Amino acid sequence: MRLHSCGSPRALSVRIPLVAHPARILLIASPSRGRTASVLESVRATLSTLGAHVDPCDADDAECVTRDVFDFAIVIGGDGTIIEQARRLLARAKPIIGINAGRVGFLAEFDSESFKTHAEFILAGNAKVRTRNVLAVAAMRGVTRLGGGCAVNDCVITAGEPFRMIELNLTVDDEAGPAVVGDGVIISTATGSTAYSASAGGSIVHPSLDALSIVPICAQSLAFRPVTIPASAHVRFTVRRANEGTALVLDGVKTCLLHAGDTITIERNPQGALFVTNPDNSYWRTLTEKLRWAAMPSYRTDTP
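Numbering (this note's numbering), first residue to last: 2 to 305.
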């Protein structure tokens, strides 16, 4: 079954589109959240200096991404805000410049100072853009669509209340696989591999890899280890046993409740999310500095 996709066909090559002069910017932020107001003020000043045309947009307004033509969307916030806006912007197929105003900001390539340094370079159309895979998900009860949508990070089938184990039958590319018996399962993109998937024991997957991860949550079988598969694979779960609260969750948002017999189909969305990269950053640097990947324990130096 071909799923309903979000946006236009996925670009196979990654390059920045033509940029108008002056550049047209959709500036998305929620000024009332945390440090956002001060970061927003700094970014506005930078854009004003460069003569960019700025269209401000409240992050809570889902309709603002449908506005007139723009070259870039600047999203100010934490990872949650950036992921939410990336989903909304899929149909526009425009590059996103993530500027951190949250705690970790793993997906935010810039802070206000680094954006100020590179803004002229970016707005001139010189920046590199990375296409990140997005999941297209559909939950079905017979021929009735229960819910679904797109996920930048992950699709999770979670046991829910009363928190007994659930059972799911897994099929990959029409080939039957094992049953997942436990608290649920995570299907993660490379982008989401550093989120819930990593906490559940999944591997960290470099975003340049065209791959998905299937990660069981507290599997009853000790032999059911996380597995990484091609992003082109078609994944299907059939619910064999569920709880009252068993649910499909996309990027942390509960989409629908699931019952025994329901099917959940996951595949790569044709259109990926486009993120402008920071020329001064690398993935490994971000892993070590923001997630403390492979960091050694702190040792006292005042002992003999």
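Beta carbons are placed, not taken as given, at the ideal position from N, Cα and C, and that holds for glycine. Computed from a predicted structure; not experimentally measured.
Per the C-alpha coordinates, the member of A139, I267, V157 and V55 positioned closest to D174 is I267. In this chain, the alpha helix (DSSP H) harbouring E121 covers S113 to L124. Residues I77, I100, A102 and S113 of the same chain have their beta carbon placed closer than 7 angstroms to that of V40, with the five preceding and five following residues left out of the count. By the neighbour-count criterion, in which 16 or more other beta carbons inside 10 Å mark a residue as buried, Q272 falls on the buried side. Boundaries of the alpha helix (DSSP H) harbouring G81: D80 to R89, taken from the DSSP string. With a beta-carbon spacing of about 11 angstroms, G183 and T159 fall beyond the 8 angstroms limit used to define contacts.
Here C7 carries a coil assignment [DSSP, helix/strand/coil]. Judged by DSSP in its simplified three-state form, K291 adopts helix.
DSSP, read as helix, strand or coil, puts V144 in coil. No Cβ-Cβ contact shorter than 7 angstroms links C58 with I84. Collapsing the DSSP output to three states places T278 in coil. Counting every other CB atom within 10 Å of its CB across the protein chains shown gives D281 a total below 16, marking it as exposed. By the Cβ neighbour-count rule, F164 is exposed, with fewer than 16 other Cβ atoms within 10 Å of its own.
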